[in-house]
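**Student:** Residue numbers (the numbering used here), protein chains in the order written: chain V, 2 to 152; chain L, 2 to 152.
The beta-carbon is built from N, C-alpha and C at its ideal position, and this holds for glycine as well.
Number of protein chains: 2
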Amino acid sequence: MQQALAEAEAAARRGEVPVGAVVVDAGGSVLAAAGNEVEARGDPTAHAEILALRAAAQRRGGKFLQGCRLFVTLEPCPLCAAAISLFRIDRLVFGAYDPKSGGVEHGPRVFSHPTCHYRPEVVGGVDQTAAAELLRHFFSQKRDSANSAGR
Amino acid sequence: MQQALAEAEAAARRGEVPVGAVVVDAGGSVLAAAGNEVEARGDPTAHAEILALRAAAQRRGGKFLQGCRLFVTLEPCPLCAAAISLFRIDRLVFGAYDPKSGGVEHGPRVFSHPTCHYRPEVVGGVDQTAAAELLRHFFSQKRDSANSAGR
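1. What did DSSP end up calling residue 92 of chain V once you bin it into helix, strand or coil?
2. Name the chain V residues whose beta carbon is nearer than 9 Å to that of residue 143 of chain L?
3. Select from V:50, V:95, V:81, V:71 the residue whose C-alpha is nearest the C-alpha of residue 130 of chain V.
4. Enumerated in chain order, which unbroken segments of the alpha helix (DSSP H) with a length of 4 residues or greater are wholly contained in the region 5–87 of chain V?
5. Chain V partners of residue 111 of chain L, CB-CB under 7 Å?
6. For chain V, is any of its Cβ atoms less than 7 Å away from the one on residue 15 of chain L?
7. Would you mind sorting residue 48 of chain L into buried or exposed? The rule is 16 or more other CB atoms within 10 Å of its CB.
8. Which bits of chain L does residue 116 of chain V rub up against, with CB to CB less than 7 Å?
9. Determine whether the Cβ of residue 44 of chain L lies closer than 7 Å to any Cβ atom of chain V.
10. Which residue marks the beginning of the beta strand (DSSP E) containing residue 122 of chain V, and which one marks its end?
11. Exposed or buried, what is residue 86 of chain V when buried is set at 16 or more other beta-carbons lying within 10 Å of its beta-carbon?
12. Cα separation between residue 148 of chain V and residue 142 of chain V?
13. From V:138, V:133, V:145, pick the residue whose C-alpha is nearest to that of residue 73 of chain V; which is it?
14. Tell me which residues of the region 52–83 of chain V have at least one Cβ-Cβ distance to chain L shorter than 9 Å, keeping chain order.
15. Who does residue 97 of chain L pair with in a DSSP beta bridge?
16. So which residues on chain V does residue 95 of chain L lean against when the C-beta distance must stay under 8 Å?
17. Whose CA, out of L:125, L:119, L:46, L:124, lies closest to the CA of residue 67 of chain L?
18. Could you tell me which of V:53, V:64, V:98 sits nearest to residue 89 of chain V, measuring between CA atoms?
19. Is residue 88 of chain L close to chain V, meaning its C-beta is less than 7 Å from at least one C-beta of that chain?
20. Which word fits residue 124 of chain V, buried or exposed, when buried means at least 16 other C-beta atoms lie within 10 angstroms of its C-beta?
21. Going by the CB atoms, is the gap between residue 136 of chain L and residue 45 of chain L shorter than 7 Å?
22. Specify the secondary structure class of residue 153 of chain V as computed by DSSP and reduced to three states.
Pasting the structure below:
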């Protein structure tokens with residue numbers, strides 16, 4: 002989770018919403034790590050989880066990530082929760098809960114339906130204070146600069 | 002929807018699950034069209050909708066597709082439903098309903114939660130017989146060839 006937090010911090014420095022994700026294989030090796038790249042790519046689906054999952058699968062040379070864990074600093078949104086299931090991640094470990102946009106413990110709760118064909122084990126709230134603080138600081142700075150620009 | 006069906010047929014010829022998608026702008030121009038490329042890309046998120054949405058946004062040079070419609074031959078899964086919301090598509094028109102894996106009228110019903118920040122207008126069941134027949138034929142051939150291989 003420390004590496005995921007570092008990816009989130011790096012994303013914030015690039016002006017992206019600070020979320021970071023890391024895929025680790027069964028032996029504990031990091032397969033891929035990514036931060037949010039929505040602004041850089043002009044793609045609202047370029048979330049940290051999607052980029053890390055895709056890169057990890059490419060590195061393994063297969064379509065699936067069975068046996069792997071995904072660490073991400075924020076509760077995945079519905080898009081990322083669905084991707085986690087499609088890539089067949091074994092265990093999802095996330096930081097801060099996201100009541101506004103989360104899709105695991107909130108909103109559509111993507112893993113909780115009989116039509117979800119692959120469910121990871123889920124552990125939420127790991128290092129959540131650090132992850133939430135990064136987000137709080139980022140949006141507080143955004144508001145401050147928007148207020149200054151409005152003067 | 003005819004063009005989306007043609008994309009689905011082309012996907013089947015490449016050995017992909019036959020689903021096709023087309024993004025059309027407010028003036029009726031086709032911005033992007035795509036078929037499933039899960040096998041070709043080794044990426045379980047390379048669904049027709051995702052590829053078409055991303056290509057359409059790149060063509061428009063922006064992050065969002067407000068004012069646009071997405072035509073897709075099959076009810077979008079939760080991943081694609083979430084992406085449709087994130088790209089801010091105005092109207093989703095889909096063909097066959099998908100009780101097993103759909104995410105719009107089935108399963109997590111992604112657009113039906115207060116945490117869904119952008120909801121398209123949804124029209125389902127358009128040309129559904131043609132879309133469903135393509136899928137039925139594809140999976141029936143798959144089963145036949147699996148049975149032959151097992152002999």
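**Tutor:** Checking against the coordinates, here is how it stands:
1. As a position in the first sequence, residue 92 of chain V is number 91, starting the count at 1. DSSP places residue 92 of chain V in strand when its eight states are reduced to three.
2. Reading the second sequence from its first residue, position 142 is the one you call residue 143 of chain L. Residues of chain V passing the Cβ test: none, with the nearest at roughly 16 Å.
3. Your numbering for residue 130 of chain V matches position 129 in the first sequence. The shortest C-alpha separation from residue 130 of chain V is found at V:95.
4. As summarised for the region 5–87 of chain V, the continuous alpha helix (DSSP H) elements at least 4 residues long and confined to that stretch are 39–42, 49–61, 79–87, given in chain order.
5. The residue you call residue 111 of chain L lines up with position 110 of the second sequence. Result: 79, 109.
6. Within the second sequence, the letter at position 14 stands for residue 15 of chain L. Not an interface residue.
7. For this step, residue 48 of chain L is matched to residue 47 along the second sequence. The residue is buried, with at least 16 neighbouring Cβ atoms inside 10 Å.
8. The residue you call residue 116 of chain V lines up with position 115 of the first sequence. What residue 116 of chain V touches in chain L: 101, 102, 107, 108.
9. Translated into positions along the second sequence, residue 44 of chain L becomes position 43. Interface residue, yes.
10. To locate residue 122 of chain V, count along the first sequence from 1; it is residue 121. Counting along the chain, the beta strand (DSSP E) containing residue 122 of chain V begins and ends at 122–124.
11. As a first step, residue 86 of chain V must be located in the first sequence, where it is residue number 85. Buried, because 16 or more other Cβ atoms sit within 10 Å of the Cβ of residue 86 of chain V.
12. By one-based count along the first sequence, residue 148 of chain V stands at place 147. By one-based count along the first sequence, residue 142 of chain V stands at place 141. Approximately 10 Å, taken between the alpha carbons.
13. Start at 1 with the first residue of the first sequence, and residue 73 of chain V comes out as number 72. Looking at the Cα atoms, V:133 is the closest of the given residues.
14. Cβ contacts with chain L: 54, 55, 58, 59, 62, 63, 64, 65, 78, 79, 80, 81, 82, 83.
15. The residue you call residue 97 of chain L lines up with position 96 of the second sequence. In DSSP, residue 97 of chain L forms a bridge with L:75.
16. Your numbering for residue 95 of chain L matches position 94 in the second sequence. Chain V residues near residue 95 of chain L: none, gap ~16 Å exceeds 8 Å.
17. In the second sequence, counting from the first residue as 1, residue 67 of chain L sits at position 66. Of the candidates L:125, L:119, L:46, L:124, the one whose C-alpha sits nearest the C-alpha of residue 67 of chain L is L:119.
18. Here residue 89 of chain V refers to the residue found at position 88 of the first sequence. It is V:64 whose Cα lies nearest to the Cα of residue 89 of chain V.
19. Position 87 of the second sequence, counting from 1, holds the residue named residue 88 of chain L. So yes, residue 88 of chain L belongs to the interface.
20. Residue numbering aside, residue 124 of chain V sits at position 123 when the first sequence is read from its first letter. Around the beta carbon of residue 124 of chain V, fewer than 16 other beta carbons sit within 10 angstroms, so the residue counts as exposed.
21. The count along the second sequence starts at 1 and reaches residue 45 of chain L at position 44. The count along the second sequence starts at 1 and reaches residue 136 of chain L at position 135. No. Outside cutoff.
22. The structure shown does not extend to residue 153 of chain V, since chain V spans only 2 to 152, so no value can be given for it.
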